[in-house]
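First up is the structure itself, then whatever we jot down about it.
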Amino acid sequence: MPEDSSGKTEQPTPHKLGEARKKGQIAKSKELTSALLFITSFVVLNISSVYIWDSLVTLMHYSFGQIPSEFSYGISGIYLNAALKTAFMVLLPMFITNFLLVVISESMQTQFLFTFTTLTPDINRINPFEQAKKYFTLKHYMTALKSVLKIVIVFSIVFFALKDKFPLVLKSQYLSLWQLIHLSGSLVMDIVIKVGIFFIFISVLDYFYERYEFVKSMMMTKKEIKEEYKRLEGDPEIKKRQREKQRKMAQSRQMGAVPGADVVVTNPVHVAVAIQYKPEIAKAPIILAKGRKLLAQEIKRVADENYVPIIENQMLARALYKYGDVGVTIPPQFYRAVAEILAFVYNLKKKRNLR
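The number in this note's numbering is simply the position in the sequence shown, starting from 1, with 10 added.
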């Protein structure tokens, strides 16, 4: 598959996403928070409408009841203070609810990310040329188009809502105060519900769009992925050479241990396992070396040169190679089989010594 013009065809690695997160670069939708604020504000106002009405009535009673025969600046200050207190108490529930909502919404979108990196001074933020470039990007055009569409659709919702209620609006002059309040409340409720549903729909689309744009901006070239891997894990070629060197050193250590073995169990061609049993060192036999194919042949050669007995036992050799580890005692399930072989080897040595 050919790469695009930028060459960034690979998905971002977890490391790059983690580094971006540390800098405060994450996918989040401002529309989602705005939509939730809009709906929550209306819900809180609707729930507390009785409390708001009672507070306003109390304020009016207080104000009209305290009107003096002569107006003074001291009296105006008292009225202003009472009005501000009432406004504060009326709006406080909505402010608290909205504050908590913003914190929860942002925390859920950012997965509780708190960073001061975005507050670090950056000369590009006040560079007029850098700022001007943002006005000629696809993202800026999409944001502008989104704003225009929102305005048009909201006005359309309001227009059709008023159109449906227009006959009742014309008759509003004949309605009582409570009927007029009920009509206005019904009209506002209808508009807010429809606008709220639209905002939620837009915010969900915007959230997925922002995620798409964020992942797109984080895309990497194959070269970047290789360089990141080298930086984090080391050069693959160097690691390969190191592993080869370590393997050869391990083989060399094994070959050096073979002359001290009591017996070498073979497959007979493809597998060889060198075993030593010294009760003063370990309670069970220890595997000094094991190998397949060429390494097995090398173990057998060294064993033969050093007069170490070589016993053919196909099943035991394969099992010890598969389940045993070099430098460790053999697994318990093989004690009996290995003990029989060691007993045979010791008896064989005794017979040779008697001769």
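Cβ atoms here follow ideal geometry from the backbone N, Cα and C, with glycine treated the same way. Remember, predicted model here, so these are calculated numbers, not experimental data.
Exercise. Can you pull the DSSP bridge partners for V283?
Worked result: To locate residue 283, count along the sequence shown from 1; it is residue 273. Looking at the DSSP assignment, V283 forms a beta bridge with V275, K300.
Problem set entry | Counted within 10 angstroms of its Cβ, other Cβ atoms place A154 as buried (16 or more) or exposed | Against the sequence shown, residue 154 aligns to sequence position 144. With fewer than 16 other Cβ atoms within 10 Å, it is exposed.
Exercise. What first and last residue would you give for the beta strand (DSSP E) that runs through I320?
Worked result: On the sequence shown, position 310 is the one that residue 320 refers to. 320-322 is the span of the beta strand (DSSP E), which, as asked, contains I320.
Problem set entry | Candidates V274, A353, D216: closest to Y317 by CA position | Position 307 of the sequence shown, counting from 1, holds the residue named residue 317. Nearest C-alpha to Y317: V274.
For this session: List the endpoints of the continuous alpha helix (DSSP H) containing A292.
Result: Within the sequence shown, the letter at position 282 stands for residue 292. Run containing A292: none; DSSP gives neither H nor E here.
For this session: Kindly indicate which residue of E116, T276, L66 has the alpha-carbon position closest to the one of K95.
Result: Mapped onto the sequence shown, residue 95 falls at position 85. Checking every option, the nearest Cα to that of K95 belongs to L66.
Exercise. Which residue from V312, E290, K288 puts its Cα closest to that of A299?
Worked result: Residue mapping note: residue 299 aligns to position 289 of the sequence shown, counting from 1. Per the Cα distances, V312.
Exercise. Between the C-alpha atoms of E13 and H25, what's the straight-line distance to the nearest angstrom?
Worked result: To locate residue 13, count along the sequence shown from 1; it is residue 3. To locate residue 25, count along the sequence shown from 1; it is residue 15. Low confidence applies to E13: its pLDDT is 42, below 50, so where it sits in the model is not reliable enough to give any reading.
Problem set entry | Start and end residues, alpha helix (DSSP H) containing S166 | On the sequence shown, residue 166 is found 156 positions in, with the first residue counted as 1. It spans 148-180 - the alpha helix (DSSP H) in which S166 sits, taken as one unbroken run.
Exercise. If you run the structure through DSSP and keep just helix, strand and coil, what is V23?
Worked result: Residue numbering aside, residue 23 sits at position 13 when the sequence shown is read from its first letter. It should be pointed out that residue 23 corresponds to Thr in this sequence rather than to Val. Coil.
Problem set entry | 8 Å contact criterion, which I161 and V205 should meet: CB distance rounded | For the purposes of this step, residue 161 is identified with residue 151 of the sequence shown, where counting begins at 1. For the purposes of this step, residue 205 is identified with residue 195 of the sequence shown, where counting begins at 1. In fact, because the Cβ distance is near 12 Å, the residues do not count as touching under 8 Å.
Problem set entry | At least 3 beta-carbon pairs within less than 8 Å: the stretch 184-195 vs the stretch 27-45 | no
Problem set entry | Simplified DSSP state of I309, which is helix, strand or coil | On the sequence shown, position 299 is the one that residue 309 refers to. Looking at I309 - three-state DSSP - the assignment turns out to be helix.
Exercise. Run through DSSP, which three-state label would M229 get?
Worked result: Taking the first residue of the sequence shown as position 1, residue 229 is located at position 219. In this structure, M229 counts as coil in the three-state DSSP scheme.
For this session: Tell me, to the nearest whole angstrom, how far the beta carbon of L326 is from that of A347; I am working on the premise that it is less than 8 Å.
Result: If you number the sequence shown from 1, residue 326 lands on position 316. If you number the sequence shown from 1, residue 347 lands on position 337. Right, their Cβ atoms sit about 5 Å apart.
Problem set entry | R253 versus K361 - alpha carbon distance | Residue 253 sits at position 243 when you count from the first residue of the sequence shown. Residue 361 sits at position 351 when you count from the first residue of the sequence shown. In a straight line, the C-alpha of R253 is about 45 Å away from that of K361.
For this session: Specify the secondary structure class of P12 as computed by DSSP and reduced to three states.
Result: In the sequence shown, residue 12 corresponds to position 2, counting from 1. Below a pLDDT of 50, predicted positions are generally treated as unreliable, and P12, at 42, falls in that range; the measurement from the model is reported next regardless. Correct three-state label for P12: coil.
Problem set entry | Separation of D174 from I212, as counted between CA atoms | Numbered from its first residue, the sequence shown carries residue 212 at position 202. Numbered from its first residue, the sequence shown carries residue 174 at position 164. Roughly 24 Å separates the two Cα atoms.
Problem set entry | DSSP bridge partner residues for T339 (one or two, in chain order) | In the sequence shown, residue 339 corresponds to position 329, counting from 1. Paired residue(s): I296.
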